[in-house]
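Student: Counted the way my numbering counts, the sequence shown spans residues 37 to 152. Positions of the beta carbon are idealized from the N, C-alpha and C atoms, including for glycine. Predicted, not measured: the structure shown is a model, and the values here were computed from it. The following block contains the structure, expressed as C-alpha cells.
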Amino acid sequence: MAQLEHQAVRIENLELMSQHGCNAWKVYNEHLVHMIEQAQKELQKLRKNIQDLNWQRKNMQLTAGAKLREMESTWVSLVSKNYEIERTIVQLENEISQIKQQHGEANKENIQQDFQ
C-alpha cells in the first residue's frame, strides 16, 4: 500500500513538473540573464573607474616628473654657483695672504730702515 502511495505521489510530481517545470526554468534563466547583465554593467563601471584613476595617476606622475627635472636642474645650478663662490673665496684668501706677505716684508724693510 505504501509503495502504491509513493508511486502515486511520484506520478503527481512528474505531472506537475511537466506542466510547470518549463516555465519555472524559463523564469530562473531570465533571472540569471538579468543578473549577468547587471554584473556586466557593474564591471564596465569599475573598468571605467580604474581607467580614470590610472589616467589621473599618470598625469600626476608626469607633472611630478617635470617638477623633479626642474628641481634637479636648479640644484645642479646652485651646486655650480656654490663651487664658483668657494673657488673665488679661496682665490681671494690667497690674494689677501700675498698682500699681507708683501706688506709684512715692506713693513720689515721700513722698520729696518728706521733703526739704521
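So, helix, strand or coil for M37, using DSSP?
Tutor: It is coil, neither helix nor strand.
Student: Quick check: the Cα distance between M53 and Y64, rounded to an integer number of angstroms?
Tutor: Cα to Cα, M53 sits roughly 14 Å from Y64.
Student: Between V115 and the rest of its own chain, which residues show a CB-CB distance below 7 Å, the 5 nearest in sequence each way excluded?
Tutor: none
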